[in-house]
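Each residue of the sequence shown is one higher than the one before, starting from 240 at the first, in the working numbering. Don't be surprised by glycine CBs; every beta carbon is placed ideally from N, CA and C. This report concerns only the one structure given below.
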Amino acid sequence: MQLDSKESDIEQLREKLNDLQLRVDSSSITSLQPDETDSNIAESRLEGWLAIPNRANIKRYGWKKQYVVVSSKKILFYNDEQDKEQSNPSMVLDIDKLFHVRPVTQGDVYRAEADEIPRIFQILYANEGECRKEADLESVPQGDKTNCLPHKGHEFIPTLYHFPSNCEACSKPLWHVFKPPPALECRRCHVKCHKDHLDKKEDVIAPCKVNYDVTSARDMLLLALSQDEQKKWIGHLGKKIPKTPPSTFARASPRTMSTRSVANQSFRKNPKNMSGKPRKSLSTQLDLTMLKAESERLARTLQEEQNFQLSQEHKKAVSQYKQEISEKDLTIAQLEESNKSLTKEVENLSKEKTELNERLQAQKQEFAAEKEELANTIKTNYEKALNIERALKTMAVNKLTEIMNQKDMNLDQKTRSSTTDLRKKEIENRKLQLELNQEKEKFNHMAIKYQKELNEMQAAMESDDYQSQFQQEYSSPAMAMQLAEEYTYRNKFQMELDSKESDIEQLREKLNDLQLNSSVTSLQPDETDSNIAESRLEGWLAIPNRANIKRYVWKKQYVVVSSKKIIFYNDEQDKEQSNPSMVLDIDKLIHVRPVTQGDVYRAEADEIPRIFQILYANEGECRKEADLESVPQGDKTNCLPHKGHKFIPTLYHFPSNCEACSKPLWHVFKPPPALECRRCHVKCHTDHLDKKEDVISPCKVNYDLTSARDILLLALSQDEQQKWISHLRKKIP
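So, in structure tokens, the structure goes:
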């Protein structure tokens, strides 16, 4: 059901994308309106709130609200909008299995309220077209099948009625509280009648109007928000019903059944001794009159039903008309009262306005007089201040001349005192410099001490005692099995979800590009494709089956690079089914580079220019079968650290040279003892390390090998390799 919901969301996005693509490709791009695209999508899709009965008894248990979505293939029921966003439907119906949609009458839902009946409609569908969480299928009792009495297409079941009900053949009461008469009810059309009519073989029961098989079909009642909503849903679902229903549901029509019954009765009435042309003509006339009477009776029943519905509509219309007239009279009276009150308010406001205008003019005159007085006072004050400042200025100039004359006498005395001050400052600077150097030495000693303690702690963490204690705590078989099952189950659904998200992301990018560029008339379709290709890359690559490339060949993979993930598929069919074999997190990428001959010495010479390497963190990988490359215990115990290297003792039986002294490092039968770094794969003789020769350069790898992994990828050509490397380097965080 979750996959059906996801497919409906993807279908909605694709419909929007196709509509926009068709309109962009057309010549009249400027005349495109967004309302037209929305209306086209709305014609093929409908969604909204409906209600379904909790159980069969609507009056007792009530209705349950559901958010219903009608796509091109499915009808999806959600408990709320949050379930719709999380793709968690409660029930799914196949549209291919629908064969009837109709509004109900009062006889169909006699337990429902009177105001709810115009909003209820019924869906009829096949049993195999339903899929729900908790299947509460209504099974027919065995007694109904054994006691079933067929008559004119009906399937009558004996029953007793203790509540008010009338016979539909003779219109007499069919019920009694204590001793009801024997009655029959059709399993198909629910017609009720006395059992005596069938026992006495009276021809008063009309043929059955239902033409489907009850054992292989189900019905569902739905309550809309209003009568207009009910008509909209019935019209939309009526268009979705297939034109050719399944053969299992086809039955003879009521008219053909009635003609057959009448023909059989007429055939029985004709005795064997009746012969001659007059009697034959009379029998044919009698058959025709019987057929006409039957058709007129059916037409009369239909007209009576229509008359009853029209009378109810007439009563409703009259009551609504009276209510509208009373409401309009009340509104007229309220409007007249408000009109009177508003006219009085307008008169009062006009009087207030005239008074305010008179006051404003008087205040303006007073303000002008006060303004003139203020200007005069300010002018006199400024003139006084200006005269005072002029007098002060002349006094200051006189004082400055006197001070300058005195300064010339004191210059010789100040030069002598300045030289002594400079010597004192130099002595203080030297003392401060010595103190600074002492503090620096103390800081360096403390840093060296703490670095040693940190190295000792790391060595203790990497010791065998600590690791063995950790393994004993978490190595129980039950816990290991449980963890493995949960890991595989989580991986499977996580990879499917990542693949679905990449498809939805691609569709949304195309949709956004088309919506942005639809307003520009000069845009070409090739430009939109190039914008999408810049943020997304996909194509064929190959990965090695095992570590030995030459022996186990390459395995082709279809690779898709989205904004967050790198997804590997075995083929394009797996991509369509959202079934990836491996997923890598782009946030966990560390490095992307082309390989050299020393990195892949087992590969063919013409393949090396097409191979590149991806380095990523362990936690960024998610695959179906985790073939993790575990380092042997011997490598950890025999690991020799030197200048950042982690050397492992080994022997080389194939051509190889020492990278320290350039001498041969191999022999077919008796190779010399050698070392190889686990990090950078540097090779050298063990003698260089034993003799402590300073000929080995420091390790160039600066990542933790235990928390990082690499993968080799083979492109179709060298240009393709460069394209993949440049695209992935842009994605590295």
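Start and end residues, alpha helix (DSSP H) containing residue i
{"i": "GLU471", "result": "In the sequence as presented, Glu is not what sits at residue 471; that position holds Lys. Where LYS471 is concerned, the enclosing alpha helix (DSSP H) stretches over 466-479."}
{"i": "ARG968", "result": "957-970"}
{"i": "GLU320", "result": "320-324"}
{"i": "HIS436", "result": "434-438"}
Of the residues the options, the one placed nearest residue i, counting alpha carbons only
{"i": "SER283", "options": "PRO292, THR835 and GLU250", "result": "GLU250"}
{"i": "LEU462", "options": "GLN548, LYS623, PHE547 and TYR306", "result": "TYR306"}
{"i": "GLU908", "options": "GLU594, ARG832, GLU566 and TYR891", "result": "Per the sequence presented here, residue 908 reads as Phe, with Glu not at that position. Of GLU594, ARG832, GLU566 and TYR891, the residue nearest in Cα terms is TYR891."}
{"i": "VAL798", "options": "GLU959, TYR728, LEU755 and ILE935", "result": "GLU959"}
{"i": "LEU259", "options": "GLN325, THR582 and LEU746", "result": "LEU746"}
{"i": "GLN321", "options": "HIS830, MET734, LEU588 and SER244", "result": "SER244"}
{"i": "ALA445", "options": "HIS920, VAL430 and ASP435", "result": "VAL430"}
{"i": "PHE893", "options": "CYS900, GLY883 and TRP905", "result": "TRP905"}
{"i": "TRP302", "options": "GLN325, ALA290 and SER577", "result": "ALA290"}
{"i": "ASP810", "options": "ASN637, ARG253 and LEU780", "result": "LEU780"}
{"i": "ALA842", "options": "LEU854, PRO783 and CYS861", "result": "PRO783"}
{"i": "ASN257", "options": "GLN562, GLU915, LYS749 and LYS731", "result": "LYS749"}
{"i": "PRO419", "options": "GLU628, ALA408 and PRO403", "result": "PRO403"}
{"i": "PRO328", "options": "HIS339, LEU315 and LEU337", "result": "LEU315"}
{"i": "LEU464", "options": "ILE359, TYR560, LYS795 and ILE743", "result": "ILE359"}
{"i": "SER247", "options": "LYS304, TRP288, ASP333 and ASN318", "result": "ASP333"}
{"i": "ARG917", "options": "LYS939, HIS927, LYS931 and PRO911", "result": "LYS939"}
{"i": "GLU369", "options": "ASP335, PHE395, LYS863 and VAL340", "result": "ASP335"}
Beta-ladder partner(s) of residue i, from DSSP
{"i": "MET821", "result": "PHE807 and ARG862"}
{"i": "THR398", "result": "ALA422"}
{"i": "MET459", "result": "ILE362"}
{"i": "VAL308", "result": "GLU286 and LEU315"}
{"i": "ASN896", "result": "PRO903"}
{"i": "GLY778", "result": "VAL798"}
{"i": "GLN390", "result": "Reading off the sequence, residue 390 comes out as His, not Gln. HIS393, per the DSSP bridge assignment."}
{"i": "PRO783", "result": "TRP793"}
{"i": "GLU369", "result": "LEU332"}
{"i": "LYS303", "result": "ILE291"}
DSSP-derived helix/strand/coil call for residue i
{"i": "TRP905", "result": "coil"}
{"i": "ASP526", "result": "helix"}
{"i": "PRO292", "result": "strand"}
{"i": "ARG253", "result": "helix"}
{"i": "ILE847", "result": "helix"}
{"i": "ILE444", "result": "coil"}
{"i": "ILE950", "result": "strand"}
{"i": "VAL340", "result": "strand"}
{"i": "ASP375", "result": "Any reading at ASP375 needs caution, since the residue's pLDDT is 47, under 50, leaving its predicted position unreliable; the model's value is listed next. In this structure, ASP375 counts as coil in the three-state DSSP scheme."}
{"i": "PRO910", "result": "coil"}
{"i": "ASN405", "result": "strand"}
{"i": "ILE935", "result": "coil"}
{"i": "GLN542", "result": "helix"}
{"i": "PRO328", "result": "coil"}
{"i": "LEU413", "result": "coil"}
{"i": "GLU576", "result": "helix"}
{"i": "GLU628", "result": "helix"}
{"i": "ASP248", "result": "helix"}
{"i": "LEU854", "result": "strand"}
{"i": "ASP752", "result": "helix"}
{"i": "ASP813", "result": "helix"}
{"i": "ASP333", "result": "strand"}
{"i": "GLN745", "result": "helix"}
Boundaries of the beta strand (DSSP E) in which residue i is found, first to last residue
{"i": "THR925", "result": "Run containing THR925: none in the beta strand (DSSP E); it sits in the alpha helix (DSSP H), 925-929."}
{"i": "HIS830", "result": "828-833"}
{"i": "HIS884", "result": "884-889"}
{"i": "HIS881", "result": "879-881"}
{"i": "HIS429", "result": "Per DSSP, HIS429 belongs to no beta strand (DSSP E) and is neither H nor E."}
{"i": "HIS920", "result": "Careful: HIS920 lies outside any beta strand (DSSP E) and carries neither H nor E."}
{"i": "PRO357", "result": "Where PRO357 is concerned, there is no enclosing beta strand (DSSP E), given that its DSSP letter is neither H nor E."}
* Asked: Are the stretch 843-852 and the stretch 878-892 touching by the rule of at least three beta carbon pairs closer than 8 Å?
  -> no
* Asked: Counting pairs of Cβ atoms below 8 Å between the stretch 822-833 and the stretch 795-811, do you hit three or more?
  -> yes
* Could you say if the stretch 811-819 and the stretch 733-747 meet the contact criterion of at least three C-beta pairs nearer than 8 Å? => yes
* Asked: Counting Cβ pairs closer than 8 Å, one from the stretch 471-483 and one from the stretch 416-430, do we hit at least three?
  -> no
* Do the stretch 457-475 and the stretch 358-373 meet, that is, are 3 or more Cβ pairs less than 8 Å apart? -> yes
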